Structures are given as C-alpha cells and as structure tokens.
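Participant:
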C-alpha cells in the first residue's frame with residue numbers, strides 16, 4: 003500500500019486581527035513583524051465553536067478529492083483546544099460530516115499534533131486497516147491565551163486545516179520521525195490553575211530549531227533523499243525566524259520553502275494543513291509532488307515527515 007495526500011482544505015474565522023491590536027502591550031507592528039514575521043491573525047468569536055471550523059476544513063478536503071464523507075471510515079483531529087472536555091471534537095465533526103459509525107478520535111500532541119496524526123493515518127492505510135483517513139488540525143488558541151502576556155499573545159491565532167490521505171498506487175512511501183522530551187515541560191505549558199500558555203521563548207527557539215532540523219535530516223536520510231528532492235517544505239508556522247533557521251540548518255532551498263505565518267500566526271496543530279491549503283491557492287502545488295513537514299510543540303513534542311501529494315484539481 004502506498005499513501006498520498008489526495009485532498010486539502012482549510013477554514014479560518016472571519017475576524018482579522020492586525021498587529022495594531024496589541025499596542026496596549028507596549029509593542030508595535032514593526033516590533034512584532036521583525037521578531038516573528040507575523041502581520042495578522044484570525045480570532046474566533048468568544049461564543050464560537052471550533053467544530054464549525056474543523057467541519058468546513060474537512061468538507062473542503064473531501065470536495066477537493068472528489069470523495070463523499072460516507073466513503074471515509076476514519077477521522078483523526080489533532081487539537082489542544084476542543085469544544086468540550088469530552089467527547090472529543092472528532093466525534094462531533096464525523097457526525098455532522100455524515101460519516102456514520104466512523105472511527106473518530108482526537109489526538110493531543112500540541113503543535114506537532116498534525117505530524118503525529120499523519121504518521122498514524124499512514125500506518126492505518128499501509129496496514130490495510132483503512133482505505134483512506136481524514137486528518138484535521140483544529141485550534142482555538144485564543145481560548146488559552148493570556149491577552150496581557152506580550153511574549154505569547156501576539157503569536158497565536160485560530161483556524162483549522164485538513165487533508166485526506168488515501169492509497170495511491172505508485173506514490174512515494176511516506177516516512178515520519180517523531181519524538182518527545184518531558185523534561186522540557188516547564189518551557190511551554192498550560193496548567194489547570196490558570197489555563198493559559200506559559201512559554202520560555204528563548205529556550206523554545208533553541209530547541210525548536212534543533213529538534214525540527216534533526217528530525218528532518220533523519221527522515222530524509224531514511225528515504226535516501228536530500229532537501230533538493232522535496233517539491234515543497236512546510237514547517238510548523240510558529241515564527242518566521244524559526245522557520246528560516248530550520249531551512250538554513252538543513253540546507254533547504256528557500257524557493258521551495260512555504261510560509262504563511264504572516265497571515266495567520268501560530269495556529270498550533272492547524273498550521274501545516276492551513277499552510278498547505280494556502281500553497282494550493284497560490285499555485286505552489288502541481289498535480290503531484292513530494293512534501294516535507296516538520297513541527298515542534300509543548301510536551302515537548304516534535305516530528306518531521308515526507309509524504310507525496312496527488313491532486314486531481316491542481
């Protein structure tokens with residue numbers, strides 16, 4: 003069994019929040035842009051439901067693949083910020099999509115969640131346990147943002163993205179490298195007491211660059227590939243400085259590096275599929291190609307992977 007991305011979708015809240023929104027934090031558009039590359043982000047309404055965004059992203063991915071919801075029996079939603087404590091977001095999304103009795107569950111690996119979910123979905127298809135798997139990353143990070151903390155408030159946004167993975171004869175074999183290190187939990191976490199993200203920005207920067215670079219080099223070596231073999235590389239869109247540092251570390255060509263962090267900021271597990279959807283909109287995806295992904299998040303967790311895409315509407 004060979005696996006590829008055959009459908010891509012994304013959904014963003016309507017509210018656009020520019021950097022000028024944060025002047026009360028003794029900052030400016032120039033400072034935020036220079037330090038992060040971010041110009042704006044999207045905020046979900048206070049009474050909004052993340053399931054609505056996830057649903058729209060999944061519908062978009064299925065439509066782009068020309069598939070019906072009833073044809074898909076598995077849904078994985080990577081999220082840190084579901085609408086309820088229980089049940090998971092995936093169960094509601096599957097029901098509203100029209101996937102009767104599908105196996106649906108949430109996966110929590112922070113910003114690396116989408117890469118973890120891709121690995122799991124690929125394994126299901128390769129093992130013959132599923133013919134296709136819908137994978138969604140969906141986050142409402144504004145729910146766990148300290149609006150008075152300049153180090154985190156300017157970085158975060160809301161959104162959802164999704165891909166449909168399916169068995170595609172002749173597609174390149176996907177491969178993923180995942181890892182975690184619980185000793186670094188104090189560097190990035192949200193606890194039950196105040197329920198907002200706390201981050202040591204300097205430490206996270208160093209470890210994010212190191213872990214994503216190492217994992218990317220490892221997964222390329224396992225496939226006997228180099229950066230030149232990838233048609234597109236989409237790291238987690240946390241910070242433009244981190245993204246460029248990772249690309250430099252692995253020697254990846256800048257012309258095949260994709261960034262949309264300036265448009266949506268850090269959307270955690272949703273960032274890679276949203277970026278992939280924007281790359282499609284901008285004409286960066288042909289009918290087929292080889293995609294590299296890498297992510298790093300709280301936990302700490304990290305992962306990198308290589309997976310092909312085959313798009314009938316490209």
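Residue numbers (my numbering): 3 to 316. All C-beta atoms, glycine included, are put in the ideal place defined by N, C-alpha and C. Every value quoted in this text rests on a predicted model; they were computed, and no experiment measured them.
1) Beta-carbon separation of residue 303 and residue 111 under 8 Å?
2) Is the Cβ-Cβ distance between residue 77 and residue 92 less than 8 Å?
3) Can you check whether the CB of residue 163 is closer than 8 Å to the CB of residue 96?
4) Judging by CA-CA distance, which residue of 148, 29, 225 is the nearest neighbour of residue 195?
5) Taking one C-beta from the region 272-287 and one from the region 151-167 each time, how about it: are there three or more such pairs within less than 8 Å?
6) What are the complete alpha helix (DSSP H) segments, minimum 4 residues, inside the region 138-172?
7) Taking only the alpha-carbon atoms, compute the straight-line gap between residue 316 and residue 294 and give it to the nearest angstrom.
8) By how many angstroms is the C-alpha of residue 235 removed from the C-alpha of residue 263?
9) Use the C-beta contact count for residue 283: other C-beta atoms within 10 angstroms, 16 or more gives buried, fewer gives exposed.
10) Using only alpha-carbon positions, find the residue among 290, 296, 300 that is nearest to residue 313.
11) Could you check how far apart the C-beta atoms of residue 121 and residue 190 are, in whole angstroms? I think they sit under 8 Å.
12) If distances are taken between C-alpha atoms only, which option among 62, 82, 308, 51 comes closest to residue 192?
13) Just grab the DSSP bridge partners of residue 178 for me.
14) Please confirm whether residue 78 has its beta-carbon closer than 8 Å to some beta-carbon of chain D.
15) Mapping the DSSP letters down to three states, classify residue 199 as helix, strand or coil.
16) What are the uninterrupted segments assigned as alpha helix (DSSP H) that are 4 or more residues long and contained completely in the region 209-234, given in chain order?
17) To the nearest angstrom, how far is it from the Cα of residue 168 to the Cα of residue 184?
18) With distances taken from CA atoms, which of 59, 298, 14, 200 is nearest residue 98?
19) I need the DSSP call for residue 135, collapsed to helix, strand or coil.
20) For residue 254, which of helix, strand or coil comes out of DSSP?
21) I need the straight-line Cα distance from residue 311 to residue 31, nearest angstrom please.
22) How many whole angstroms separate the CB atoms of residue 11 and residue 62, which I take to be in contact at a CB cut-off of 8 Å?
Facilitator: The answer reads as follows:
1) Looking up residue 303 in the chain shown gives position 301. Looking up residue 111 in the chain shown gives position 109. Yes; because the gap between Cβ atoms is below 8 Å, this pair is in contact.
2) For this step, residue 77 is matched to residue 75 along the chain shown. For this step, residue 92 is matched to residue 90 along the chain shown. Yes, Cβ-Cβ distance for residue 77 and residue 92 is below 8 Å.
3) As a working mapping, residue 96 is identified with position 94 in the chain shown. As a working mapping, residue 163 is identified with position 161 in the chain shown. Cβ distance not < 8 Å, so residue 96 and residue 163 don't count as in contact.
4) Residue numbering aside, residue 195 sits at position 193 when the chain shown is read from its first letter. Comparing Cα positions, the closest option is 148.
5) yes
6) 152-155
7) Indexing the chain shown from 1 puts residue 316 at position 314. Indexing the chain shown from 1 puts residue 294 at position 292. The predicted position of residue 316 is uncertain, since its pLDDT is 49 and thus under 50; no value can be drawn from it.
8) Start at 1 with the first residue of the chain shown, and residue 263 comes out as number 261. Start at 1 with the first residue of the chain shown, and residue 235 comes out as number 233. The straight-line gap from Cα to Cα measures roughly 14 Å.
9) Here residue 283 refers to the residue found at position 281 of the chain shown. It is exposed - the Cβ of residue 283 has fewer than 16 other Cβ atoms within 10 Å.
10) One-based indexing of the chain shown puts residue 313 at position 311. Nearest option by C-alpha distance: 290.
11) As a working note, residue 121 is residue 119 in the chain shown. As a working note, residue 190 is residue 188 in the chain shown. Going by Cβ atoms, the distance from residue 121 to residue 190 rounds to 21 Å, so no, they are not a contact pair.
12) As a working mapping, residue 192 is identified with position 190 in the chain shown. If we check each option's Cα against that of residue 192, 82 comes out closest.
13) Residue 178 sits at position 176 when you count from the first residue of the chain shown. DSSP, once it has assigned bridges, lists 307 as partnering residue 178.
14) Any reference to chain D falls outside this structure, which holds one protein chain only.
15) Taking the chain shown and counting its residues from 1, one reaches residue 199 at position 197. Coil at residue 199, not helix or strand.
16) none
17) Taking the chain shown and counting its residues from 1, the one referred to as residue 168 is at position 166. Taking the chain shown and counting its residues from 1, the one referred to as residue 184 is at position 182. Roughly 33 Å between the two C-alpha positions.
18) If you number the chain shown from 1, residue 98 lands on position 96. Nearest of 59, 298, 14, 200 to residue 98, Cα basis: 59.
19) For this step, residue 135 is matched to residue 133 along the chain shown. If DSSP states are grouped into helix, strand and coil, residue 135 belongs with the strands.
20) Residue mapping note: residue 254 aligns to position 252 of the chain shown, counting from 1. Here residue 254 sits in coil by DSSP.
21) Stepping through the chain shown from its first residue, residue 311 is reached at position 309. Stepping through the chain shown from its first residue, residue 31 is reached at position 29. Cα-Cα distance, rounded: 36 Å.
22) Here the question's residue 11 lines up with position 9 in the chain shown. Here the question's residue 62 lines up with position 60 in the chain shown. The Cβ separation is near 3 Å, so the contact holds.
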